[in-house]
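J.: Next up is a structure, given as structure tokens.
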Amino acid sequence: MPEDTQSDSALSAPFGCLPLAPAVIDNLRQLGYLNMTPIQAASLPVTLDGHDLIAQAKTGSGKTAVFGLTLLANLDVSRFEVQALVLCPTRELADQVTQEIRRLARSEDNIKVLSLVGGSVMRPQMASLAHGAHIVVGTPGRIMDHLQRESLNLDALNTLVLDEADRMLDMGFHDDIVYIARRCPKARQTLLFSATYPEGVVDLGRKFLHKPGR
Ligand code: ADP
Ligand code: MG
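Take the position in the sequence shown, starting the count at 1, then add 44; the result is the number in my numbering.
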């Protein structure tokens, strides 16, 4: 039996002390995820309780599982609509995040994760969207393009993630991010991750997050 007091410790707390389904914990164990990283231990209790979050942490600290487990917890698999959107600065990062979410989602059947990045032809992406998806991961320019063509509909979205927000701003995606966030339902959970915390990131947090934990 895990000690109750352990859940109060931010250091090497096991995933088992989080309010996650046993099948999700089992899958994490199979992936070799036994204890939470510090950012996971600090953030997951906040995000799994439904709160918005701004997290500043450097590369390799385990941010993907923070938003991955949160958006999966918010997901209703029986509703075949886009319920979560993750914005990433580059195609490579979007592909990594897509793979990681697929691994985290293995405990449940039929969760469809779609990557929509620039530099790929539009038509196959539109065909994939027409077939439906639960989770979309993409770069801001391409996501905006799909919204303008109405090939992507965000009416059923419940979780919006801005990953590597500082890099997205450096790459000139500010206006695209604003465009996309304004087309998401107001009642949603928003999670913002950034390695640095410049004014532009502070401003995004002010505009699009509601009483975020940090
Ligand atoms: P970040 O986005 O913060 O740069 P990632 O989410 O990509 O970091 O995680 C970095 C690596 O650590 C990945 O290979 C991931 O699978 C692994 N990882 C994340 N959390 C854990 C954990 N709790 N236990 C073991 N490995 C983990
Ligand atoms: Mg990352």
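Ideal placement from N, C-alpha and C gives every residue a C-beta, glycine not left out.
Decide if residue 161 is buried, meaning its Cβ has at least 16 other Cβ atoms within 10 Å, or exposed.
T.: The residue given as residue 161 occupies position 117 in the sequence shown. When all chains shown are included, residue 161 counts as buried.
J.: When we look at the beta-carbon of residue 159 and count the other beta-carbons within 10 Å, is it buried (16 or more) or exposed?
T.: Numbered from its first residue, the sequence shown carries residue 159 at position 115. Residue 159 should be labelled buried.
J.: Between the stretch 229 to 241 and the stretch 162 to 175, do at least 3 Cβ pairs fall closer than 8 Å?
T.: no
J.: Go through the stretch 61 to 103 residue by residue and report every complete run of the alpha helix (DSSP H) that reaches 4 residues or more, in order.
T.: Qualifying alpha helix (DSSP H) stretches, in chain order: 66 to 74, 82 to 91.
J.: Per DSSP, residue 159 forms a beta bridge with which residues?
T.: Sequence index remark: in the sequence shown, residue 159 carries index 115 (1-based). As a beta-bridge residue in DSSP terms, residue 159 pairs with 181.
J.: Between residue 245 and the ligand MG, is there a pair consisting of the residue's CB and a ligand heavy atom that are separated by less than 8 Å?
T.: Stepping through the sequence shown from its first residue, residue 245 is reached at position 201. Because no heavy atom of the ligand MG lies under 8 Å away, the Cβ of residue 245 does not count as near it: no.
J.: Do you know offhand how far residue 237's Cα is from residue 101's?
T.: Reading the sequence shown from its first residue, position 193 is the one you call residue 237. Reading the sequence shown from its first residue, position 57 is the one you call residue 101. Spanning the two alpha carbons is a distance of roughly 7 Å.
J.: With distances taken Cα to Cα, identify the nearest neighbour of residue 248 among 231, 219, 229.
T.: Looking up residue 248 in the sequence shown gives position 204. In terms of CA proximity to residue 248, 219 leads the group 231, 219, 229.
J.: For a minimum of 4 consecutive residues, which ranges assigned as the alpha helix (DSSP H) are wholly contained in the stretch 115 to 161?
T.: 135 to 148
J.: Would you decide whether residue 133 is buried or exposed? Buried here means 16 or more other CB atoms lie within 10 Å of its CB.
T.: The residue labelled residue 133 in the question sits at position 89 within the sequence shown. Its Cβ being crowded by 16 or more others within 10 Å, residue 133 is buried.
J.: Where does the unbroken alpha helix (DSSP H) through residue 205 begin, and where does it stop?
T.: The residue given as residue 205 occupies position 161 in the sequence shown. From DSSP, residue 205 is part of no alpha helix (DSSP H) but of the beta strand (DSSP E) over 203 to 206.
J.: By the three-class DSSP mapping on this structure, what secondary structure does residue 108 have?
T.: Within the sequence shown, numbered from 1, the residue matching residue 108 stands at position 64. In this structure, residue 108 counts as helix in the three-state DSSP scheme.
J.: Can you list, in chain order, the residues of its chain whose CB lies under 6 Å from that of residue 63, leaving out five sequence neighbours each side?
T.: Working through the sequence shown from its first residue, we reach residue 63 at position 19. Same-chain partners within the cutoff: 92.
J.: So does the stretch 114 to 124 actually touch the stretch 139 to 159, counting three or more Cβ pairs closer than 8 Å?
T.: Taking 8 Å as the limit for Cβ pairs, the verdict is that the stretch 139 to 159 does touch the stretch 114 to 124.
J.: In the DSSP assignment, the beta strand (DSSP E) including residue 172 goes from what residue to what residue?
T.: Residue mapping note: residue 172 aligns to position 128 of the sequence shown, counting from 1. Premise fails: residue 172 lies in the alpha helix (DSSP H), 166 to 175, not in any beta strand (DSSP E).
J.: Could you spell out the range, first to last residue, of the alpha helix (DSSP H) harbouring residue 248?
T.: For the purposes of this step, residue 248 is taken as the residue at position 204 of the sequence shown. Taken as a continuous stretch (DSSP letters only), the alpha helix (DSSP H) holding residue 248 covers 243 to 252.
J.: Would you say the beta carbon of residue 141 comes nearer than 8 Å to a heavy atom of the ligand MG?
T.: For the purposes of this step, residue 141 is taken as the residue at position 97 of the sequence shown. Yes, the Cβ of residue 141 comes within 8 Å of a heavy atom of the ligand MG.
J.: By alpha-carbon positions, which one of 135, 200, 211 ends up nearest to residue 186?
T.: Against the sequence shown, residue 186 aligns to sequence position 142. When each option's Cα is compared against that of residue 186, the closest is 135.
J.: Determine the burial state of residue 251: buried for a count of at least 16 other Cβ atoms within 10 Å of its Cβ, exposed for fewer.
T.: What you label residue 251 is simply residue 207 of the sequence shown in a count that begins at 1. Answer is exposed; the Cβ neighbour count stays below 16.
J.: Rounded to whole angstroms, how far is the Cβ of residue 152 from the Cβ of residue 112, which I believe are closer than 8 Å?
T.: Taking the sequence shown and counting its residues from 1, the one referred to as residue 152 is at position 108. Taking the sequence shown and counting its residues from 1, the one referred to as residue 112 is at position 68. Cβ-Cβ separation between residue 152 and residue 112: approximately 13 Å, too far for a contact (criterion under 8 Å).
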